[in-house]
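Have a look at the structure below, then the notes.
In the numbering used here, the protein residues as written are 254 to 381.
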């Protein structure tokens, strides 16, 4: 959820300037009026009645950025063979076009997740 951060610069106890920043969220900042009250959005920061409405360009915006997953360096042409749980077959784990691992086992076909992919990921992380 987005948060509105407020900074006040004061000289001799008198507020000289107030600055705003919106951190998080995906929507750029804007101001709105609802039921006679003024707000800086997103974040629902309620402005005081005597407070001057800031220019939108003066509100700093720090959008949400997703963290990159911790995926080891995987060779796109390499095929990893992993033994089945019964030990009578081997399944192939390789990188698909989107850059994630996929397996030839029936479980991966149903759930898009299997222990064979997890095994290869853990082995690659351990060797890195």
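Glycine included, each C-beta is placed from N, C-alpha and C at the ideal position.
Identify every residue that forms a DSSP beta bridge with residue 357. In DSSP, residue 357 forms no bridge with anything.
Alpha-carbon to alpha-carbon, residue 285 and residue 372: 52 Å
For residue 315, count neighbouring C-beta atoms within 10 Å of its own C-beta (all shown protein chains included) and say buried if the count is 16 or more, exposed if not. exposed
Can you give, in chain order, each stretch of the alpha helix (DSSP H) that sits fully within the region 254-296 and has at least 4 residues? none
Which one or two residues does DSSP pair with residue 346 in a beta bridge? Paired residue(s): 333, 356.
Checking 8 Å against the spacing of the C-beta atoms, do residue 257 and residue 275 come in under that value? yes
I'd like the list of long-range same chain contacts for residue 365, defined as Cβ closer than 7 Å, with 5 residues on each side in sequence excluded. none
Bridge partners for residue 299 per DSSP, in chain order? 292
Candidates 328, 255, 279, 306: which alpha carbon is nearest residue 292's? 306
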